[in-house]
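Mapping the sequence shown onto our numbering, position 1 (from 1) lands on 1314, and the numbers just tick up by one. Ideal placement from N, C-alpha and C gives every residue a C-beta, glycine not left out. Below is one structure, written out as structure tokens; comments come after it.
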Amino acid sequence: MSTYDAETRWRLILGPAGNDGLGDAGAGKGEAADLERALSWLYDRETDGEANRSIARGRPGSGPEHPLDVPDWINTIHELFPKEAIERLESDALHRYHILDVVTRKEALENVTPSLSLVEAILRCKSRMDAHVLDTARAIVDKVVEDLKKRLCDEIEHRLGATPFRHRRSRFRVTRNLDALRTIRKNLQHWDPDKRRLLIERPEFFARVRRFGPRYQVIVLVDQSGSMARNIIHAAVLASVLWKLPSTRSHLVVYDTEVVDLTPYVDDPVELLLRVQLGGGTDGAKALQYAAELVDMPHRTILLWITDFEDQADKLVREVTALVGEGVTVFGAASLDDQVRGAYDHGVAQAVADAGAHVAATTPRELVGWLVERIRR
């Protein structure tokens, strides 16, 4: 994207609303005109009214010679805008204007940028997709899930999958097993005072051993009401990683007014997510009762409960009190988002905390850190 003068930038910001003040002389020229057309295609919906919100055809504001449909628009913004702007435009198309064609047409999905927002939309719209579109959507979900695994769960695999045995040296030269202190001590004689550098001739490494003792049981319980899509994505990834570790045994249970145990699919988070049905009411007490039936060893069980607490406080308090009384550790994640911006009922959350649960609005990374520390105690 080129650099534009102040007048052009204001035209892009204001759209048609700026014509009275800026005039028409500088409009419709070169790349700036293409930018304006792409922005107009999306944001003119604020003033066009319901009659012009269909996107199965070209937008009236796009110009008769260059009508835009969804794939055209996606291709245009990818050519003209930087990455940050593309993500914002696609997010507005999905959530502000509810343009479902973005996620229900194969040619559109093939050109859209994989993101959490897009996966949320796919989960909400998958019932509208035919088999060919669903295959394309599955590939997008798989890419986002793999990226989340790398970002969120490396710490779990590193700290719970294997632990360093610090009194034994290893022949296996793996970066994460580097014994930095021993390496420095063994190579001090190679210090170069002129260059002020320590030359490492022989790095030292820890051996790593698996510790198999009584496993922790981690029950991930997720409210699947319509506002909780992003939370379910993070929960599915977390449960799938825990499932593979020798030190934990995980379950994933979702609920609205009914409870669905998705543990049989927890090793395949993509398939699991495509089975989730968002929306409906909420019966957290019934879900907590089901989770209680899964508990084998209460003092080695962690219940990660992800919810917006929009529920009946007295029933939740009764179930949480019973679980905590048995020795189960209950963590209520009130908002599982990188910006911690999810809305939740503060009064009900406080009542649950008073009943003995740990309650916090937290990021996925912070929740992972808390879980690791709890298991390693």
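Contact under 8 Å by Cβ, residue i with residue j
i, j, result
"residue 1538", "residue 1621", "yes"
"residue 1533", "residue 1565", "yes"
"residue 1696", "residue 1503", "Lying outside 1314 to 1690, the shown extent of the chain, residue 1696 is not represented and no answer is given."
"residue 1517", "residue 1495", "yes"
"residue 1491", "residue 1500", "no"
"residue 1355", "residue 1405", "yes"
"residue 1637", "residue 1668", "yes"
"residue 1383", "residue 1444", "no"
"residue 1535", "residue 1572", "no"
"residue 1447", "residue 1439", "yes"
"residue 1673", "residue 1646", "yes"
"residue 1390", "residue 1427", "no"
"residue 1393", "residue 1347", "yes"
"residue 1429", "residue 1550", "no"
N-terminal and C-terminal residue of the alpha helix (DSSP H) that residue i is part of
i, result
"residue 1507", "Per DSSP, residue 1507 belongs to no alpha helix (DSSP H) and is neither H nor E."
"residue 1401", "1396-1404"
"residue 1497", "1493-1499"
"residue 1603", "1597-1607"
"residue 1675", "From DSSP, residue 1675 is part of no alpha helix (DSSP H) but of the beta strand (DSSP E) over 1671-1675."
"residue 1587", "1582-1588"
"residue 1553", "1542-1556"
"residue 1422", "1419-1422"
"residue 1659", "1659-1667"
Sequence-distant residues of the same chain with beta carbon closer than 7 Å to residue i, five excluded per side
i, result
"residue 1556", "1563, 1579, 1580"
"residue 1386", "1351, 1354"
"residue 1594", "1569, 1570"
C-alpha gap between residue i and residue j, whole angstroms
i, j, result
"residue 1441", "residue 1417", "7 Å"
"residue 1574", "residue 1402", "36 Å"
"residue 1560", "residue 1463", "20 Å"
"residue 1628", "residue 1451", "38 Å"
"residue 1552", "residue 1633", "21 Å"
"residue 1682", "residue 1465", "10 Å"
"residue 1395", "residue 1419", "24 Å"
"residue 1626", "residue 1662", "8 Å"
"residue 1582", "residue 1457", "11 Å"
"residue 1350", "residue 1510", "57 Å"
"residue 1612", "residue 1529", "9 Å"
"residue 1690", "residue 1531", "15 Å"
"residue 1407", "residue 1425", "11 Å"
"residue 1398", "residue 1345", "15 Å"
"residue 1554", "residue 1576", "13 Å"
"residue 1413", "residue 1423", "15 Å"
"residue 1498", "residue 1684", "34 Å"
"residue 1388", "residue 1400", "13 Å"
"residue 1666", "residue 1660", "10 Å"
"residue 1507", "residue 1493", "23 Å"
"residue 1522", "residue 1541", "Annotation note: pLDDT 48 at residue 1522 (below 50); position unreliable, no value reported."
"residue 1449", "residue 1415", "12 Å"
Where the beta strand (DSSP E) through residue i begins and ends
i, result
"residue 1638", "Looking at the DSSP string, residue 1638 is not in any beta strand (DSSP E); the run it does join, the alpha helix (DSSP H), is 1626-1639."
"residue 1430", "Element bounds for residue 1430: not the beta strand (DSSP E) but the alpha helix (DSSP H), 1429-1438."
"residue 1534", "1529-1536"
"residue 1574", "1572-1574"
"residue 1617", "1614-1619"
"residue 1503", "From DSSP, residue 1503 is part of no beta strand (DSSP E); its letter is neither H nor E."
"residue 1426", "Premise fails: residue 1426 is in no beta strand (DSSP E) and is neither H nor E."
"residue 1564", "1561-1568"
"residue 1645", "1642-1649"
Close beta carbons around residue i, own chain, < 8 Å, minus the five adjacent residues each side
i, result
"residue 1649", "1543, 1544, 1547, 1548, 1619, 1655, 1675, 1676, 1677, 1680"
"residue 1642", "1614, 1615, 1616, 1671, 1687"
"residue 1657", "1620, 1621, 1622, 1623, 1647, 1648, 1674"
"residue 1598", "1624, 1625, 1628, 1629, 1631, 1632"
"residue 1635", "1605"
"residue 1459", "none"
"residue 1602", "1632"
"residue 1505", "1511, 1512"
Contact set for residue i: own chain, Cβ-Cβ below 6 Å, skip 5 residues either direction
i, result
"residue 1596", "1570"
"residue 1644", "1617, 1671"
"residue 1590", "none"
"residue 1664", "1626, 1630"
"residue 1639", "1611"
"residue 1651", "1676"
CB contact check: residue i to chain B, cutoff 8 Å
i, result
"residue 1395", "In the structure shown, chain B cannot be found, because there is only a single protein chain."
Segment contact flag, the segment 1432-1440 with the segment 1582-1590, C-beta cutoff 8 Å, min 3 pairs: yes
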